[in-house]
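Asker: Here you go, one structure.
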Amino acid sequence: MRISSSIRQLTVLGFVIVVLPLMVALITTVVQVDKLAANTQKTVHDSAQAVEASRLITAQALSMGRSAEQYGVLRDPTLLERYQSQRIQLTETVGRLSELPLEQALKSQIENLVERERALHAQLKQWSKQGGKDAQILDDKFKLADLVRPIPQAVARMVARDSQTMTEQTERVQRLLLWQMIALIPLALLLAAVFSVLITRPLKNMGKAIRRLGAGEFTSPVAVSGPQDVRELGEQLDWMRRRLAELDQQKLNFLQHMSHELKTPLTAIREGSELLRDGVVGTLSDDQTEVVGILRENTLLLQSQVEGLLNFNLALAQDKPAQLKPVDLSSLISVVIAKHQLAIRTRHIQINTDIRPVKLEGEAEQLRTILDNLLSNAIKYSPDNGKIEIR
C-alpha cells in the first residue's frame with residue numbers, strides 16, 4: 001500500500017500525524033481548563049451572591065419583625081410604611097437568592113420564610129383595617145427570627161460543599177490531563193518511530209544497493225520499495241547496474257581477446273627462435289647462437305609477464321574469490337630471480353638477497369607477477385655493474 005508519493009510528502013504526513021495527538025492533548029487541556037475556570041468563576045460568583053443575600057435576608061427579616069412588633073404596640077402608620085418598604089427589599093433579595101442553584105433544604109427554608117412573612121403581612125393589614133389604638137402582641141407563628149437565623153448557616157454549608165465540589169473537579173481534571181499526557185506522549189513517540197522507519201528504510205536499502213555496485217556485484221537486481229521518488233532512484237540504480245555489467249563483460253571479452261592476440265605472436269617468435277637454435281635453417285655461429293638464446297629467453301620472459309598480467313586482470317574482471325594458499329616467499333623470490341638471470345648477466349648486475357624464511361597466505365601467481373614487475377623495473381633502471389638488494 002502506497003502511503004505517499006514522495007519522501008517530502010511522507011515526511012510532512014508523518015509530522016502531521018505525530019503532532020496530531022499533541023494538538024488533541026493541547027486542545028483538550030485548553031477546553032478543560034477553560035471549563036474549570038468558568039465553573040470556578042461561576043461558583044465563586046454564586047457563593048458571594050448567596051452569602052450576601054443571606055446576610056441581607058437575615059438583617060431585613062429581623063428589621064421587619066421589629067417594625068411589625070412596634071406597629072402592633074404603637075399603631076403608628078409610619079411603622080407600617082417602613083414595614084412595606086422593607087418587605088419590598090426582602091422580596092427582591094429572596095428573588096435574587098432563588099435564582100441561584102440552591103439545595104432543596106435551603107429552598108424549603110426560604111419558602112417557609114416567604115409564607116410566614118405573607119401571614120405576618122396579612123395580620124398587619126388586618127390590624128390596619130380594624131383601626132383602634134389597643135396594643136396587639138404578635139403570636140410566635142408570625143415571628144420571622146426563628147426561620148431566618150438558620151439561613152446563613154445553610155448558605156455557609158452550601159458554599160463549603162460547592163468549594164469541595166470545585167476541588168474534586170480540579171483534581172479530576174488534573175488526573176484526566178495527566179493520563180492524557182501519559183497516553184499521548186508514548187503514542188506520539190511510537191508514531192515518530194514508525195515514520196522514521198518508513199522514511200529511513202528505503203534509504204538504507206538504497207545505500208546497500210549502492211555499496212553492492214561499488215563492490216562490483218552486478219548480478220543482483222536493484223529493487224527499492226518506498227515512496228515514488230525513491231523507487232525512481234532505485235530504477236535508475238538498476239539501469240546503472242545493467243550498464244556496468246555490460247561494460248564489465250566488454251572488458252572481460254577485451255582481455256580474453258588480447259590474451260589470445262598477444263600469445264599467438266609470442267608463441268611464433270619463441271618457436272622460431274627454438275628452430276634457429278636447433279639448426280633447422282643451418283648451423284649458427286657462436287655469436288648467432290648467443291643472440292638466438294637471448295631472443296628465446298626474453299621471448300619466454302615476455303610471454304610469462306604478459307600471461308601473468310593478463311591472468312591478473314582477468315581475475316579482477318571476473319571478480320573471482322581469492323584462493324589463498326600458503327606461499328613460501330623466499331622460494332618465490334628465487335624463482336623470479338632465476339627468470340631474469342639472462343638480463344642480470346648481460347648487464348653485470350649483482351643481486352644480494354637477505355630474506356628470512358617467510359610463509360604467508362596469498363595467491364602465488366599474483367604475488368609472482370608483482371615480484372616479477374618489481375625486479376624487472378629494478379633491473380631496467382639500475383646502471384650496468386649495479387647492485388640490487390632484496391630484503
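Everything in the sequence shown is counted per the working numbering, starting at 1 for the first residue and increasing by one. Built from N, CA and C at the ideal position, the CB exists for glycine as well.
Contact between the segment 110 to 118 and the segment 75 to 86 is defined here as three or more beta-carbon pairs at a separation below 8 Å; is this criterion met?
Answerer: No contact exists between the segment 110 to 118 and the segment 75 to 86.
Asker: If you compare alpha carbons, which of H348, T91 and V358 is closest to K387?
Answerer: When each option's Cα is compared against that of K387, the closest is H348.
Asker: How many angstroms separate the CA atom of S285 from the CA atom of H257?
Answerer: C-alpha separation (whole angstroms): 39 Å.
Asker: With distance defined between alpha-carbon atoms, name the residue in G95, V33 and E246 nearest to L56.
Answerer: Taking only the C-alpha atoms, the option nearest L56 is G95.
Asker: Can you say whether V12 is buried or exposed, counting buried as having 16 or more other CB atoms within 10 angstroms of its CB?
Answerer: So V12 ends up on the exposed side.
Asker: Tell me the rounded alpha-carbon separation between G234 and A245.
Answerer: Approximately 16 Å, taken between the alpha carbons.
Asker: By Cβ distance below 8 Å, which residues in the same chain neighbour N352 in space, the five residues on each side in sequence not counted?
Answerer: So the list reads K387, I388, E389 and I390, once near-sequence residues are dropped.
Asker: Where do the N-terminal and C-terminal ends of the alpha helix (DSSP H) with L22 fall, by residue?
Answerer: Segment I7 to L74, the alpha helix (DSSP H) holding L22.
Asker: Given A105, which residues of its chain have a CB within under 6 Å of its CB, disregarding the five upstream and five downstream residues?
Answerer: Correct list: empty, nothing qualifies.
Asker: The beta strand (DSSP E) spanning G95 covers which residue range?
Answerer: Element bounds for G95: not the beta strand (DSSP E) but the alpha helix (DSSP H), P77 to S98.
Asker: Taking T264 as the reference, which of Q303, V291, E232 and L255 has the closest Cα?
Answerer: Checking every option, the nearest Cα to that of T264 belongs to Q303.
Asker: According to DSSP, simplified to helix, strand and coil, what is D328?
Answerer: Strand.
Asker: Closest by CA to L300, which one among Q249, L266, D287 and S376?
Answerer: Measuring from the Cα of L300, the nearest candidate turns out to be L266.
Asker: Is the segment 143 to 150 touching the segment 32 to 49, taking contact as three or more C-beta pairs under 8 Å?
Answerer: Taking 8 Å as the limit for Cβ pairs, the verdict is that the segment 32 to 49 does not touch the segment 143 to 150.
Asker: Going by DSSP, name the residue or residues bridged to K387.
Answerer: Paired residue(s): Q350.
Asker: Tell me whether the beta-carbon of E262 lies closer than 8 Å to the beta-carbon of V306.
Answerer: It is Leu, not Glu, that sits at residue 262 in the sequence shown. In contact: L262 and V306 (Cβ atoms closer than 8 Å).
Asker: Over the uninterrupted alpha helix (DSSP H) stretch that includes E363, give me the two end residues.
Answerer: Per DSSP, E363 belongs to no alpha helix (DSSP H) and is neither H nor E.
Asker: Contact check, L176 vs Q32 under 8 Å by CB: the rounded distance?
Answerer: So it is a contact: roughly 7 Å between Cβ atoms.
Asker: Note down, one range per segment and in chain order, each alpha helix (DSSP H) of at least 4 residues found wholly within the segment 139 to 208.
Answerer: Taking only runs of at least 4 residues, the alpha helix (DSSP H) segments lying wholly in the segment 139 to 208 are 145 to 148.
Asker: Can you give the Cα-Cα distance for D372 and H340, rounded to whole angstroms?
Answerer: Between D372 and H340, the C-alpha separation is close to 9 Å.
Asker: How long is the line joining the alpha carbons of G14 and I185, rounded to whole angstroms?
Answerer: Each residue's Cα considered, the two are about 15 Å apart.
Asker: Apply the 10 Å Cβ neighbour rule to R368 and answer buried if 16 or more other Cβ atoms are within range, or exposed otherwise.
Answerer: With 16 or more other Cβ atoms within 10 Å, it is buried.
Asker: If we call anything under 8 Å between Cβ atoms a contact, is Q60 one with L90?
Answerer: Yes, they are a contact pair.
Asker: Using the C-alpha atoms, what's the distance from F254 back to D248?
Answerer: Rounded to whole angstroms, D248 to F254 spans 10 Å at the Cα level.
Asker: Looking at the structure shown, is M1 part of a helix, part of a strand, or coil, going by DSSP?
Answerer: Note on M1: pLDDT 45, under 50, position unreliable in the model; no value is reported.
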